[in-house]
Amino acid sequence: MRGLWITAVVLGLAGCASSSVKQQEQNAAIADARARLGLGQCDMNVAQQVHQLSDAQLDLEAAYLCLQQGKLPPLELVLEDFAKRHPEAPYQDYAAYLQAMVPFARFEMAAGDDQERLRLGREAHAQLTGFIRQYPDSAYRSEIVPRLETLLEGMAQSEYNLAVLDVETGQRERGEARLRYLIRYYPRSKAAVEAQHWLGTTD
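If you count by my numbering, then the sequence shown holds residues 3 to 205, one letter each, in order.
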C-alpha cells in the first residue's frame, strides 16, 4: 500500500512539473509574440502565432495594432471565434468593436470606386448598427456613432457620383432616379442637398 502511495505522489509531482513546463513555454511564446507586436509587426505569420496561443489579451493587442496599420486579414484571423475561444473574457464588446471596424476600414480604402464603396458601405452599416444593438451600453458606442455618420455621408456621395455619371453617359432617367433615391434615403447628407439642387435646376 505504501508503495502505491509513493507511486501516486511521484506521478502527481511529475504531472505538476509537466504542467509547469507547459505554462512556462506558453508564457515564453506569449512574450515573444508581444515583442513582435511591440516592433510593429502585423502580418499573417504573427496573426497565426497569436491565434494559436489563444490568449484573450494578446488577441486584442494584435487586433488593435493590425487595425492601426490597416492590415485587415490578420486582424480578422486573431479575432476569429473570439467569443467562443474566450467566453469568460471581460472585453467582448471591445473585440466586437474591432471586428465591426473591419468593413468600415475597407469602405474607406475603396475611395475612387463608388460601386464598391456602396457594397462595402452596406456591409459596414450592418456591422456598426449591429454592434450598437448588441452592446447599447458599451463605451465604444461613442466611437461607432461618428463613424456611422461618416459612412452614410460617404455612401451618399457615391450615390451622387454614380448618378452624375449616368447622366453624363446618356442615361439621364436612371441618373435622376438615383438622385431621388439619394434624397429619400440620405436626406441629411450634403450630397442630398446637391441632388435637390441638381433636380431643381433641370426640371
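Every residue gets a Cβ at the ideal spot worked out from N, C-alpha and C, and that includes glycine.
Just so we're clear, the structure is a prediction, and the values are computed from it rather than from any experiment.
Are residue i and residue j touching if we call contact CB-CB under 9 Å?
{"i": "Leu100", "j": "Leu62", "result": "yes"}
{"i": "Ala64", "j": "Ala35", "result": "yes"}
{"i": "Asp95", "j": "Ala126", "result": "no"}
{"i": "Leu39", "j": "Leu67", "result": "yes"}
{"i": "Leu81", "j": "Ala97", "result": "yes"}
{"i": "Arg182", "j": "Leu167", "result": "no"}
{"i": "Gly177", "j": "Ala193", "result": "no"}
Mapping the DSSP letters down to three states, classify residue i as helix, strand or coil.
{"i": "Lys73", "result": "coil"}
{"i": "Thr171", "result": "coil"}
{"i": "Pro148", "result": "helix"}
{"i": "Leu81", "result": "coil"}
{"i": "Glu125", "result": "helix"}
{"i": "Gln43", "result": "coil"}
By how many angstroms is the C-alpha of residue j removed from the C-alpha of residue i?
{"i": "Gln25", "j": "Ala31", "result": "10 Å"}
{"i": "Pro105", "j": "Asp115", "result": "15 Å"}
{"i": "Asp45", "j": "Pro148", "result": "29 Å"}
{"i": "Arg186", "j": "Gln159", "result": "14 Å"}
{"i": "Leu60", "j": "Leu154", "result": "33 Å"}
{"i": "Pro138", "j": "Thr131", "result": "10 Å"}
{"i": "His199", "j": "Leu69", "result": "39 Å"}
Using alpha carbons as the reference points, say which of the options lies closest to residue i.
{"i": "Leu79", "options": "Tyr66, His53, Ser144", "result": "His53"}
{"i": "Asn163", "options": "Glu175, Ser144, Arg180", "result": "Arg180"}
{"i": "Gly156", "options": "Leu74, Met111, Ala33, Gln136", "result": "Met111"}
{"i": "Val169", "options": "Gly123, Ala33, Ala197", "result": "Ala197"}
{"i": "Phe109", "options": "Ala128, Ala49, Val195", "result": "Ala128"}
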